[in-house]
Structures are given as structure tokens and as C-alpha cells.
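Have a look at the structure below, then the notes.
There are 2 protein chains.
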Amino acid sequence: MKNLVSRCPIEEVMQVLSGRWPTLLIYYLKVGTNRFSDLRRKNPTISHKMLALELRKLEDAGIVVRTEFDGYPLRVEYDLTPAGHKLVPLIDALGDWWESVETVTTGERGGLRVVEISATKKSASRLIL
Amino acid sequence: MKNLVSRCPIEEVMQVLSGRWPTLLIYYLKVGTNRFSDLRRKNPTISHKMLALELRKLEDAGIVVRTEFDGYPLRVEYDLTPAGHKLVPLIDALGDWWESVETVTTGERGGLRVVEISATKKSASRLIL
DNA sequence: CGGAATCCGCAATGATACTG
DNA sequence: CAGTATCATTGCGGATTCCG
Numbered sequence: 001m002k003n004l005v006s007r008c009p010i011e012e013v014m015q016v017l018s019g020r021w022p023t024l025l026i027y028y029l030k031v032g033t034n035r036f037s038d039l040r041r042k043n044p045t046i047s048h049k050m051l052a053l054e055l056r057k058l059e060d061a062g063i064v065v066r067t068e069f070d071g072y073p074l075r076v077e078y079d080l081t082p083a084g085h086k087l088v089p090l091i092d093a094l095g096d097w098w099e100s101v102e103t104v105t106t107g108e109r110g111g112l113r114v115v116e117i118s119a120t121k122k123s124a125s126r127l128i129l
Numbered sequence: 001m002k003n004l005v006s007r008c009p010i011e012e013v014m015q016v017l018s019g020r021w022p023t024l025l026i027y028y029l030k031v032g033t034n035r036f037s038d039l040r041r042k043n044p045t046i047s048h049k050m051l052a053l054e055l056r057k058l059e060d061a062g063i064v065v066r067t068e069f070d071g072y073p074l075r076v077e078y079d080l081t082p083a084g085h086k087l088v089p090l091i092d093a094l095g096d097w098w099e100s101v102e103t104v105t106t107g108e109r110g111g112l113r114v115v116e117i118s119a120t121k122k123s124a125s126r127l128i129l
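Which chain is which? The protein sequence lines are A and B, in order. Take the first sequence: its letter number 75 is residue 75 in UniProt numbering, and every next letter is one higher. Take the second sequence: its letter number 102 is residue 102 in UniProt numbering, and every next letter is one higher.
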């Protein structure tokens with residue numbers, strides 16, 4: 001995402017929380033301290049580089065603290081800040097909202113019109129009209 | 001953003017709400033009906049094409065309804081669905097969180113270490129150490 | 001081990017033109 | 001007016017390498 005187009009605070013948060021990783025990282029950090037390599041192990045598909053970039057972004061936003069320990073090999077721990085913890089229930093609420101939504105999606109399959117109806121995102125039944 | 005890496009509901013919402021436009025569009029739609037061209041006028045920097053794509057994404061997610069009127073010239077109206085309205089306070093809460101966060105950012109300027117301290121994102125004072 | 005720098009492909013986005 | 005299609009461009013994000 002490039003520069004902001006407004007000073008709307010909503011747009012500013014989204015600047016930080018947008019993308020696949022920020023919310024996942026907060027999800028893993030909410031239960032406690034994680035080292036860099038912990039987070040890599042828990043997110044097997046994130047690249048070394050992206051993890052570093054995303055963590056720095058969250059740190060700059062005041063969501064995550066970075067603690068560096070002397071010694072070799074290097075050791076760095078990450079935690080949510082108090083502000084970061086305050087964010088968790090909000091993000092969870094978004095997830096809960098998602099699960100509660102009813103959707104109807106239509107498509108085509110073999111010349112037949114297929115309508116997929118789900119009471120929630122979890123349980124979808126399928127009709128062919 | 002490409003395909004999901006998990007079935008975490010949080011990641012699924014973010015799939016829809018990520019990016020600069022979704023939250024801004026919801027922001028404008030929360031006060032009432034908007035035509036395609038209304039939304040263009042209110043978001044001068046979004047391209048015609050992107051607006052169409054983002055609106056379709058929100059529609060597929062069950063957040064927005066599209067209503068087409070016959071006649072010429074064409075006329076289409078967009079509204080939040082009930083599910084979309086339920087999302088508004090959550091997004092607002094994210095914005096409120098952002099404004100309440102304290103941050104300390106450090107940098108360099110002309111060989112001097114500059115520390116920027118803000119009680120909230122809104123009011124930042126600047127120190128030179 | 002944690003991180004920075006470089007290179008590079010691909011997906012996202014923009015510009016433009018065309019349609020009902 | 002609203003939307004699609006096509007093409008050009010950008011910039012994200014992955015792979016790799018080097019450093020403390």
C-alpha cells in the first residue's frame with residue numbers, strides 16, 4: 001500500500017494491519033513472548049525478510065516491543081505492548097463477525113446454475129437450480 | 001494479497017478488508033446510499049477500475065449490496081448490507097485505538113538524535129537530545 | 001541467530017479505450 | 001453512467017547472500 005490519501009485514523013490503522021502477516025503475528029504474540037525463530041516456525045510460509053519487515057512495522061506502530069539480549073548466538077524476543085494487547089479483542093471481533101455472516105454465492109458448473117447458501121461461513125449447503 | 005495460508009477467520013476478514021480502499025468505502029457508505037460516481041468523487045485518487053474491483057469484492061463478501069436501475073444513462077446504487085453495518089463500529093474501534101496510542105519514534109537529523117514523543121498520535125512534541 | 005542488502009518475478013494497480 | 005478489456009508499469013514479496 002502506498003501513501004495515505006486521507007488522515008482518517010481508520011486508514012492509518014489499516015496501513016499497519018493490512019496484509020496477510022500483521023494479524024497473524026499478533027495472534028501468535030498474544031499468548032506470550034516469541035523469539036524471531038519461533039515466529040518463523042509458526043508461520044512456515046513467511047520469508048525471513050518479510051518477517052523482519054513486518055515486525056519492524058509493528059514495532060514502529062507501538063504494537064510490538066523488541067528485546068535484544070547480548071551473547072552469541074544472537075537472541076531477540078518479541079512481545080505485544082500494552083497497546084498491542086488492547087488491539088487483540090478488536091481483531092478477534094472482526095474474526096467473529098466474519099464467521100457470523102451469511103453469504104450467497106452463485107456460479108456456473110456444467111451449464112447448470114449453482115447457488116451456494118451458507119448460514120455461516122462454516123457450514124455451506126449447495127443447491128442446483 | 002495472494003491465497004490464504006490458514007483458515008483463521010481473522011485472516012479471512014483481512015483478506016477482504018486489507019488495502020487502502022475497503023475501509024474508506026465502508027466509511028462513505030455507512031451514512032447512506034452512494035452511486036458509483038459518488039464514490040469516485042469522494043475518493044478522487046481511486047481509479048475507475050479499482051473502484052469496480054473493490055466494490056465487487058465487498059459485494060462478494062456480503063458487506064455491500066449493488067442495486068441496478070433500468071434506464072439510460074445507467075444508474076447503480078451501493079449500500080451496506082446489515083452485515084456491513086455491523087462491521088462499522090468494529091472498524092471505528094480500530095480507528096479510535098489508533099488515536100489513543102502513545103508512540104516514541106527516534107531518528108537522526110543533521111547528526112543529532114531526534115526523539116519524537118507523542119501522547120497520542122494527534123499531538124506530537126519533538127525533542128532534540 | 002537475527003537482520004540488512006541485493007536482485008528479480010509476478011501480482012496488483014493505473015491508463016486508456018471500448019460497450020450497453 | 002457504470003462496467004469491462006487490454007496493455008503498461010510499479011512495487012511487493014521471495015530467494016539468496018553477507019554481516020555482527
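By construction, the Cβ of each residue, glycine as well, lies at the ideal position given by its N, Cα and C atoms.
Below 8 Å, how does it come out for the region 9 to 17 of chain B and the region 6 to 24 of chain A: are there three or more Cβ pairs, yes or no?
Yes, the region 9 to 17 of chain B is in contact with the region 6 to 24 of chain A.
Can you check the region 67 to 101 of chain B for any alpha helix (DSSP H) of at least 4 residues that lies completely inside it and give the ranges in chain order?
Here the runs fully enclosed are 82 to 100.
Check the Cβ-Cβ distances between W21 (chain A) and every residue of chain B, and say whether any is below 7 Å.
By this cut-off, W21 (chain A) is not an interface position.
Looking at chain A, is there any beta carbon in it that lies within less than 7 Å of the beta carbon of L39 (chain B)?
Not closer than 7 Å to any Cβ of chain A, the Cβ of L39 (chain B) fails to qualify, so no.
What residues from chain B crowd round K86 (chain A), counting only those whose CB sits closer than 9 Å?
Near K86 (chain A) (Cβ distances below 9 Å), the residues of chain B are W97, S100 and V101.
Which one of B:V76, B:G84 and B:E11 has the shortest CA to CA distance from D38 (chain B)?
Checked all of B:V76, B:G84 and B:E11; the closest Cα to D38 (chain B) is B:V76.
Could you spell out where the alpha helix (DSSP H) holding M14 (chain A) opens and where it closes?
Unbroken alpha helix (DSSP H) run through M14 (chain A): P9 to L17.
For P44 (chain A) and Y28 (chain B), what's the separation of their Cα atoms in angstroms?
P44 (chain A) and Y28 (chain B): Cα-Cα distance of roughly 38 Å.
First and last residue of the alpha helix (DSSP H) that includes S37 (chain A)?
Start and end: F36 to K42.
Could you tell me which chain B residues have their CB closer than 7 Å to the CB of residue 132 (chain A), listed as they occur along the chain?
Only positions 1 to 129 of chain A appear in the structure, and residue 132 (chain A) is not among them; the question remains open.
So A93 (chain A) contacts chain B; which residues on that side make the cut at Cβ distance below 8 Å?
Ordered by position in chain B, the residues that pass the 8 Å Cβ test against A93 (chain A) are L90 and A93.
Which residue comes first and which comes last in the alpha helix (DSSP H) that contains M1 (chain B)?
From DSSP, M1 (chain B) is part of no alpha helix (DSSP H); its letter is neither H nor E.
Taking the alpha-carbon of W98 (chain B) as reference, which of A:H48, A:G84, A:T33 and A:I46 has the nearest alpha-carbon?
Among A:H48, A:G84, A:T33 and A:I46, the Cα nearest to that of W98 (chain B) is on A:G84.
Check whether the Cβ of S47 (chain A) lies closer than 7 Å to any Cβ atom in chain B.
Judged by the 7 Å Cβ criterion, S47 (chain A) is not in contact with chain B.
For Y28 (chain B), which residues in chain A fall below 8 Å Cβ to Cβ?
None at all; the shortest Cβ gap to chain A is about 10 Å.
Taking P9 (chain A) as the query, report the chain B residues whose CB atoms sit under 7 Å from its CB, ordered along the chain.
Near P9 (chain A) (Cβ distances below 7 Å), the residues of chain B are G95, W98 and E99.
Can you give me the C-alpha to C-alpha distance between L58 (chain B) and F69 (chain A), rounded to a whole angstrom?
So the alpha carbons of these two residues sit roughly 45 Å apart.
Report yes or no: is there a C-beta of chain B within less than 7 Å of the C-beta of M50 (chain A)?
Not closer than 7 Å to any Cβ of chain B, the Cβ of M50 (chain A) fails to qualify, so no.
Taking the alpha-carbon positions, what's the P73 (chain B) to L80 (chain B) distance?
Spanning the two alpha carbons is a distance of roughly 24 Å.
Name the two residues that bound the continuous alpha helix (DSSP H) containing I26 (chain A).
W21 to L29 is the span of the alpha helix (DSSP H), which, as asked, contains I26 (chain A).
Got a sec, what are the start and stop residues for the alpha helix (DSSP H) A52 (chain B) sits in?
Taken as a continuous stretch (DSSP letters only), the alpha helix (DSSP H) holding A52 (chain B) covers H48 to D60.
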